Amino acid sequence: RAMKATNYQGEYHYCYCTKCSHFHHVINKALQYNVNLETSSSFDIDLILNLYNQGKLEKDLKIVHNGYKTEEYIRKIIELTDLGFENSTIVLDNKNELKKILAYANGKKVKIGIRKAIDEEPQSAYYTSRLGIRASEVLEFYRNNIQGKENLELTMLHFFVDSGIKDTLYYWGEFQKSVKLYIELKKECPTLDAINLGGGFPIRNHLGFEYDYEYMIREIVNNIKDACNAEGIEEPDIYTEFGKYTVGESGATIFSVLEQKQQNDAELWYIIDNSLMNTIPDAWSIFEKFILLPINKWNNEYTRVSIGGISCDHSDYYNSEDLNQQIMLPRYSSREKEPLYLGFFHTGAYQDSISGYGGIKHCLIPAPKHVIIDRDETGNFVDYVYRTEQTVDDMFKILGYNTPHE
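Going by this note's numbering, the first residue of the sequence shown is number 2, and it counts up by one from there.
Encoded structure:
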């Protein structure tokens, strides 16, 4: 709508980042809405071929290949293009990748992009992102290594702001620098026709969440259009790579409270039946907020609590101080037959892959049952068990032990 309202001449391409959730049921559902794909490693190429062989996607799909390009990754990308996936774009994360690409392409034309390294926020542990090529070196790199080579077609400039697409001076500063670089590069590279904003649209992580998506989209489109028009160049196609924004709100993790522990006059702990470190690792590793709600006992009196997992690790907790928010949950009596159930909502992105789905878990605490809830063709809710709770045999096989039931 923003493009239509401003008579923007370029096209928009929405890419789903497979790394956020690789599950077949997730990517299959996303593809039903005509998304394109972004890959991160060599196994992603096998995943794409698997989906193609099932008839879930077509060869004209636009695919953006990000991440560090190992030789195996590059080989598979080239093989993918040889099979007819001609809309594959290999985004260079560093200069050395180009030599490897040329070696595997063996003279065949390859579409490439360049990832621009951004300056990090002032509070970051480093000044410039390790990802991408230094902005000051992009033009020279193009002139010396890409310009004039018939088998290389530079079509995309990519940048990604790790803090996300936010209405802040920092984001707009990095955005404007990237658009300026696109314009400078476009003046020398006629084939350049796309700017990739990466991802970063936030999802709802608390009940008071507010974000003006329409405003940000309008501002992005208007700024690109105005900058290009001022320099007399064509408006580029706009790519985004939305992973968390696509699937984050599709997941929830449900726990039951095993025990209450009053450790001092001010601190009440609810001990849950699994490990937070294992199930929602972002909560303890980067203090990510999730929507937390009781599933039952809504009418009980509420009290401030901290939530503790059952691992022996000090860091296995979720509390108010780290998250800068009050955690208020229903009181309950140990005499009540029904336990208190808690739900962490919008856990659909990254948590399963970072925790190592189906693998070894901290303290050998089994992964919980995995249930899929969907709608059938008539719109009714349907559910099924995707994976039962992890068993001793599952873990012992990985660890090399004889399983108890062999």
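For every residue, glycine included, the Cβ atom is placed at its ideal position computed from N, Cα and C.
Nothing here was measured: the structure is a model prediction, and the numbers come from that model.
Which whole-angstrom value describes the C-beta separation of Leu1 and Val92, a residue pair presumed to lie in contact below a C-beta threshold of 8 Å? For the chain, the structure presents residues 2 to 407; residue 1 sits outside this window and is missing.
Please name the residue in Gly309, Val222, Ile355 and Tyr303 whose C-alpha comes closest to that of Ser334. The count along the sequence shown starts at 1 and reaches residue 334 at position 333. Minimum Cα distance to Ser334 is reached at Tyr303.
Nonlocal neighbours in the same chain, by C-beta distance under 6 Å from Glu98, ignoring five residues either side: Numbered from its first residue, the sequence shown carries residue 98 at position 97. Hits under 6 Å: Lys70.
On the CB-based measure, 16 or more other CB atoms within 10 Å of its CB, does Tyr319 come out buried or exposed? Start at 1 with the first residue of the sequence shown, and residue 319 comes out as number 318. Tyr319 should be labelled buried.
Sufficient close CB pairs (3 or more, under 8 Å) joining the region 290-300 to the region 190-209: yes
Within this structure, are the beta carbons of Thr247 and Ile281 separated by less than 8 Å? Position 246 of the sequence shown, counted from the start, is the residue given in the question as residue 247. Position 280 of the sequence shown, counted from the start, is the residue given in the question as residue 281. No, they are not a contact pair.
I'd like the list of long-range same chain contacts for Met278, defined as Cβ closer than 7 Å, with 5 residues on each side in sequence excluded. On the sequence shown, position 277 is the one that residue 278 refers to. If we look at Met278 and ignore the five residues flanking it on each side, its Cβ neighbours are Trp285, Gly310, Ser312, Asp314, Ser316, Asp317 and His363.
Flag this pair as touching only if the region 7-22 and the region 349-367 have three or more C-beta atom pairs under 8 Å; answer yes or no. yes
Return the Cβ separation of Gln10 and Glu236 in integer angstroms, given the expectation that the two are a contact with Cβ distance under 8 Å. Position 9 of the sequence shown, counted from the start, is the residue given in the question as residue 10. Position 235 of the sequence shown, counted from the start, is the residue given in the question as residue 236. 5 Å between Cβ atoms; contact.
Specify whether the region 223-237 and the region 184-198 touch according to this definition: at least 3 beta carbon pairs, one from each stretch, less than 8 Å apart. yes
My parser needs the beta strand (DSSP E) runs of 3 or more residues fully inside the region 196-242; what are they? 238-242
Tell me, please, which residues DSSP counts as bridged to Glu260. Reading the sequence shown from its first residue, position 259 is the one you call residue 260. According to DSSP, Glu260 bridges with Ile272.
On the DSSP bridge assignment, give the partners of His159 in chain order. On the sequence shown, residue 159 is found 158 positions in, with the first residue counted as 1. Answer by DSSP bridge pairing, in chain order: Arg116 and Asn197.
How is the beta strand (DSSP E) around Tyr13 delimited, first residue to last? For the purposes of this step, residue 13 is taken as the residue at position 12 of the sequence shown. Segment Tyr13 to Cys18, the beta strand (DSSP E) holding Tyr13.
Less than 8 Å between the CB atoms is what I'm expecting for Gly233 and Ala350, so what's the real figure, rounded? On the sequence shown, residue 233 is found 232 positions in, with the first residue counted as 1. On the sequence shown, residue 350 is found 349 positions in, with the first residue counted as 1. Going by Cβ atoms, the distance from Gly233 to Ala350 rounds to 40 Å, so no, they are not a contact pair.
Contact under 8 Å by Cβ, Ser130 with Ile119: Your numbering for residue 130 matches position 129 in the sequence shown. Your numbering for residue 119 matches position 118 in the sequence shown. Against a cut-off of 8 Å, the Cβ pair of Ile119 and Ser130 comes out as a contact.
Beta-carbon within less than 6 Å of Glu260's beta-carbon, same chain only, minus the 5 sequence neighbours each way: which residues are those? Along the sequence shown, read from residue 1 onward, the residue named residue 260 stands at position 259. If we look at Glu260 and ignore the five residues flanking it on each side, its Cβ neighbours are Ile272.
Alpha carbon to alpha carbon, what distance is there between Asn67 and Asn146? Along the sequence shown, read from residue 1 onward, the residue named residue 146 stands at position 145. Along the sequence shown, read from residue 1 onward, the residue named residue 67 stands at position 66. Taking the straight line joining both Cα atoms gives about 20 Å.
Between Ile49 and Glu339, what straight-line distance do the alpha-carbon atoms span, to the nearest angstrom? On the sequence shown, position 48 is the one that residue 49 refers to. On the sequence shown, position 338 is the one that residue 339 refers to. So the two alpha carbons sit approximately 45 Å from each other.
Sheet register partners of Pro331 (DSSP bridge): Along the sequence shown, read from residue 1 onward, the residue named residue 331 stands at position 330. In DSSP, Pro331 forms a bridge with Tyr303.
Excluding the 5 residues flanking Asn197 on each side, which residues of the same chain have their C-beta closer than 6 Å to its C-beta? Mapped onto the sequence shown, residue 197 falls at position 196. Result list for Asn197: Met157, His159 and Tyr240, in chain order.
One or two residues paired with Phe345 in a DSSP bridge: Reading the sequence shown from its first residue, position 344 is the one you call residue 345. Paired residues: Thr254 and Leu293.
Do Asn88 and Ile64 have their CB atoms nearer than 8 Å? As a first step, residue 88 is located in the sequence shown; it is residue number 87 there, counting from the start. As a first step, residue 64 is located in the sequence shown; it is residue number 63 there, counting from the start. Cβ distance < 8 Å, so Asn88 and Ile64 count as in contact.
Does the separation of the CB atoms of Lys101 and Ile75 fall below 8 Å? Against the sequence shown, residue 101 aligns to sequence position 100. Against the sequence shown, residue 75 aligns to sequence position 74. Going by C-beta atoms, Lys101 is nearer than 8 Å to Ile75.
Is it right to say Tyr13 is buried, meaning 16 or more other beta carbons lie within 10 angstroms of its own, or is it exposed? Taking the sequence shown and counting its residues from 1, the one referred to as residue 13 is at position 12. With fewer than 16 Cβ atoms within 10 Å of its Cβ, Tyr13 is classed as exposed.
Extract the residue ranges of the beta strand (DSSP E) inside the region 97-147, only unbroken runs of 3 or more that lie entirely within it. 111-118
How is Ser89 classed by DSSP in three states: helix, strand or coil? Counted from its first residue, the sequence shown places residue 89 at position 88. In the structure shown, Ser89 sits in a strand (DSSP, three-state: E or B).
Give the C-beta separation of Gly133 and Ile166 to the nearest angstrom, bearing in mind that I take them to be a contact with Cβ-Cβ under 8 Å. The residue you call residue 133 lines up with position 132 of the sequence shown. The residue you call residue 166 lines up with position 165 of the sequence shown. The pair is not a contact, with the Cβ atoms about 17 Å apart (cut-off 8 Å).
Specify, as a first and last residue, the run of the beta strand (DSSP E) that Leu81 falls within. Taking the sequence shown and counting its residues from 1, one reaches residue 81 at position 80. It is not in any beta strand (DSSP E) - Leu81 instead sits in the alpha helix (DSSP H) that spans Glu72 to Asp83.
Measure the beta-carbon distance from Lys370 to Val386 and round it to whole angstroms, keeping in mind my assumption that it falls under 8 Å. Locating residue 370 in the sequence shown gives position 369, counting from the first residue. Locating residue 386 in the sequence shown gives position 385, counting from the first residue. That pair is a contact at about 6 Å.
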